[in-house]
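Sequence lines, in order, name chains A and B.
So the first sequence is numbered by numbering that gives the first Met the number 0: it starts at 0 and just counts up by one.
So the second sequence is numbered by numbering that gives the first Met the number 0: it starts at 0 and just counts up by one.
Virtual Cβ for every residue (Gly too), placed ideally from N, Cα, C.
Protein chains: 2
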Amino acid sequence: MRAVFYIASHSLDGSRPGIKEIAENINSPEHFLAKILQKLSKGGIVSSIKGPNGGFFIEPQGLNRPLADIITCLEGDQIFTGCGMGLSYCSESNPCPLHHEFKKVRNQLTHMLYQTTIGEFNGELRAGALTLNK
Amino acid sequence: MRAVFYIASHSLDGSRPGIKEIAENINSPEHFLAKILQKLSKGGIVSSIKGPNGGFFIEPQGLNRPLADIITCLEGDQIFTGCGMGLSYCSESNPCPLHHEFKKVRNQLTHMLYQTTIGEFNGELRAGALTLNK
DNA sequence: TTATTAAAGGATATTTTTGTCTTTTATTTG
DNA sequence: CAAATAAAAGACAAAAATATCCTTTAATAA
């Protein structure tokens, strides 16, 4: 998510940071980050260009996608739909003890992740008001 | 948490289920459950007695403790205080991009886990309205 | 068109989490 | 006290998550 924020905040002026640059700026192991960006690239969250002057970027419309898309791409929709205690049987019609209470929390998280967009923090990030370090 | 619910629902009549019985009823590997119960026992969430007719139980006042205590005992208070993106620098005065939005979600989760008590589901569990299977 | 740059992909390694096995200690009952 | 029961504890094993390395592919520029 930090990598996506970093790329997003650099996509306004058409620049394309490479893995090395991103990794340095978000304190992430380079090769590990590469794996994640590959997945995000396949999922269409970020775009990439190889070769000199290549790197990662996000299309203008991509900046309006919700954060939830990042999570879905990387980890599936388990956190949006799954049981709070990880129970397979749990559902609306056959709820686990925590089901109803947990649903409220999960709904709020879901709502937050669908309302917040990838590009939402660009201004503050570029102004230096927010940072992405570990 | 399911183990605690199971023990709680059997502590009303003074019975003391053993690890084997608990494991069977919550579909948990016996020895793995043993480790968890050891930790919960050290933390004072559950009590235990060795030997014949021994097993685990929860004191009457223990039934009024919040679910949050279980989590704190097993995993610390990271989920109550930590940053949503796992950033070490993030705080109220030096927030990460998601800090303010995530705080709302975390606060609701925290509230839920502190309002809900360990013994809260005893009635429904004993009536069979709720189950603890995986 | 060749050298260089940078992402993609596959194989491997490390670490953490989860799960298992065995021995020890405590308690109860005959 | 001796035998049986059951949790506590420690050592060990398997699986999953995280991280690294190396080779391949694509793009650019001289």
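Check each candidate in the options and name the one with the smallest Cα separation from residue i.
i	options	result
residue 34 of chain A	A:129, A:72, A:85, A:68	A:72
residue 13 of chain A	A:20, A:36, A:56	A:56
residue 2 of chain B	B:54, B:49, B:108	B:54
residue 103 of chain A	A:23, A:80, A:69	A:80
residue 76 of chain B	B:106, B:9, B:25	B:106
residue 61 of chain B	B:123, B:10, B:29	B:10
residue 109 of chain A	A:78, A:91, A:121	A:78
residue 120 of chain B	A:121, A:94, A:49, A:127	A:94
If you drop the 5 nearest sequence neighbours on each side, which residues of the same chain put their C-beta closer than 8 Å to that of residue i?
i	result
residue 65 of chain A	112, 113, 114, 115, 116, 117
residue 27 of chain A	1, 2, 21, 133
residue 69 of chain A	0, 3, 39, 44, 117
residue 32 of chain B	2, 18, 21, 22, 25
residue 125 of chain B	8, 11
residue 123 of chain A	129
residue 63 of chain A	116, 117, 118
residue 52 of chain A	15
Can you list, in chain order, the residues of its chain whose CB lies under 7 Å from that of residue i, leaving out five sequence neighbours each side?
i	result
residue 101 of chain B	83
residue 42 of chain B	72
residue 29 of chain B	18, 19, 22
residue 50 of chain A	none
What whole-angstrom Cβ distance do residue i and residue j have, given they're in contact under 8 Å?
i	j	result
residue 129 of chain B	residue 96 of chain A	5 Å
residue 136 of chain B	residue 18 of chain B	This structure leaves residue 136 of chain B out entirely; chain B is present only between 0 and 133.
residue 89 of chain B	residue 98 of chain B	6 Å
residue 5 of chain A	residue 86 of chain A	Going by Cβ atoms, the distance from residue 5 of chain A to residue 86 of chain A rounds to 37 Å, so no, they are not a contact pair.
residue 46 of chain B	residue 58 of chain B	6 Å
List, in order along the chain, the chain A residues whose C-beta lies closer than 8 Å to that of residue i?
i	result
residue 87 of chain B	133
residue 31 of chain B	Result: empty, since nearest Cβ-Cβ is about 14 Å, beyond 8 Å.
residue 129 of chain B	94, 95, 96
With a threshold of 6 Å on Cβ separation, who are the neighbours of residue i within its own chain once the five nearest residues in sequence on each side are excluded?
i	result
residue 67 of chain A	112, 113
residue 92 of chain A	none
residue 74 of chain B	none
Taking residue i as the query, report the chain A residues whose CB atoms sit under 7 Å from its CB, ordered along the chain.
i	result
residue 116 of chain B	Result: empty, since nearest Cβ-Cβ is about 11 Å, beyond 7 Å.
residue 4 of chain B	96
residue 120 of chain B	96
Could you work out which residues of chain B lie near residue i, taking near to mean beta carbons separated by less than 9 Å?
i	result
residue 103 of chain A	107, 111
Would you mind telling me which residues of chain B sit closer than 7 Å to residue i, beta carbon to beta carbon, in chain order?
i	result
residue 100 of chain A	111, 115
Along chain A, in chain order, which residues have C-beta atoms closer than 9 Å to that of residue i?
i	result
residue 1 of chain B	84, 86, 95, 96
Below 6 Å, is the gap between the Cβ of residue i and the nearest heavy atom of the ligand FAD?
i	result
residue 42 of chain B	As for the ligand FAD, it is missing from this structure, which has no ligand bound.
Scan the region 58–74 of chain A for residues whose Cβ lies nearer than 7 Å to a Cβ of chain B and list them as they occur along the chain. Result list empty, no residue passes.
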